[in-house]
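Numbering (the UniProt record's numbering), first residue to last: 1 to 231.
Worksheet for the structure shown next.
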Amino acid sequence: MKCSIIVPAYNEEQGIKHCIVEIMKNVPDAEIIVVNDGSTDNTANIVRELSKRHKNVKLVSYKHNRGKGYALRKGASIAKGKILVTFDADCSVDAGEIKKFLHAVEKDGNAFANGSRFLIPMEKRAMPLLHIMGNKLFALALSFLLGQRISDGLCGTKALAREHFKRMKLKENSWPDFEMLAEALRLGLRIVDIPVYYRRRQYGKSKMKTIKHGFYFFTQLIKIALGKFFK
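As structure tokens, this is what we get:
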């Protein structure tokens, strides 16, 4: 199996079927691992029914919400593909973009394909202005701390060889994006920005809370800084 696509999902009953169908349409030979991260709605049942009809669709489910980082690690633990792709359940990045990520890692096994929503124009009103500003500031800070230009630190679509993911020392249960980028560089991987067309969420509600998560991302930068200057 060439690739495993890990889709963390928390209360995504409105759009999870659409997301899975879109992935199957664009990457038909992929293993699709949906990790139900303690949803309180019908997400798990919808995925379970799809998995009965499509053998490449797998469900990992647990009772309590643990966070996206935890979900990615759980999904990766059962993945069989040589390449791991992380993909958000809201389909704010079109599943057709996944092929670009696979191509980058197939071309260079030491590549870490990092989605960037800011290299090409995004759909109008796809992201609030405050979030755009925050994302760009975090990317600048991350670039400084890591010593490499990062155009987008928080895009949910990423890809790398599974063997490299297994070597990463990932601990964050909530949002693992900054940690993954830092670990990629620690392992000597080459970060490759992949431009993606970012669009408005089609189903359900965003889990992003401006103040709460903005503070969380700031603390992640502090952790990276402390790790760099106090090794």
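From the three backbone atoms N, C-alpha and C, an ideal C-beta is built for every residue, glycine too.
Point to revise | Proximity of Ser4 and Ala44 at Cβ, strictly below 8 Å | key: Translated into positions along the sequence shown, residue 4 becomes position 4. Translated into positions along the sequence shown, residue 44 becomes position 44. Judged by their CB atoms, Ser4 and Ala44 are not nearer to each other than the 8 Å cut-off.
Review point. In the structure shown, what three-state DSSP assignment does Leu226 receive?
Key: For this step, residue 226 is matched to residue 226 along the sequence shown. Residue state, collapsed to three classes: helix.
Review point. In the structure shown, what three-state DSSP assignment does Cys19 receive?
Key: Along the sequence shown, read from residue 1 onward, the residue named residue 19 stands at position 19. Note: Cys19 maps to helix in three-state DSSP.
Point to revise | Assigned secondary structure, Thr219 (DSSP; H/G/I helix, E/B strand, else coil) | key: Residue 219 sits at position 219 when you count from the first residue of the sequence shown. Correct three-state label for Thr219: helix.
Check your understanding: By DSSP, does Ala113 sit in helix, in strand, or in coil?
Key -> Within the sequence shown, the letter at position 113 stands for residue 113. Secondary structure of Ala113 (DSSP, three-state): strand.
Check your understanding: For Arg73, does the count of other Cβ atoms within 10 angstroms reach 16, so buried, or fall short, so exposed?
Key -> As a working mapping, residue 73 is identified with position 73 in the sequence shown. Taking every protein chain shown into account, the CB of Arg73 has 16 or more other CB atoms within 10 angstroms, so this residue is buried.
Exercise for review: Quick one: grab the DSSP three-state call for Leu84.
Suggested key: Your numbering for residue 84 matches position 84 in the sequence shown. Leu84 falls in the strand class under three-state DSSP.
**Study point:** Sufficient close CB pairs (3 or more, under 8 Å) joining the region 117–134 to the region 170–186
**Key:** Under the three-pair Cβ rule at 8 Å, the region 117–134 does not count as touching the region 170–186.
Exercise for review: Could you please give the first and the last residue of the uninterrupted alpha helix (DSSP H) stretch that includes Leu130?
Suggested key: To locate residue 130, count along the sequence shown from 1; it is residue 130. That run of the alpha helix (DSSP H) goes Leu129 to Leu146.
Review point. Below 8 Å, can you find three or more Cβ-Cβ pairs linking the region 133–150 to the region 160–171?
Key: Three or more beta-carbon pairs separated by less than 8 Å are not found between the region 133–150 and the region 160–171, which leaves the two stretches without contact.
Check your understanding: Out of curiosity, what's the CA-to-CA distance linking Lys17 and Asn42?
Key -> Stepping through the sequence shown from its first residue, residue 17 is reached at position 17. Stepping through the sequence shown from its first residue, residue 42 is reached at position 42. Between Lys17 and Asn42, the C-alpha separation is close to 11 Å.
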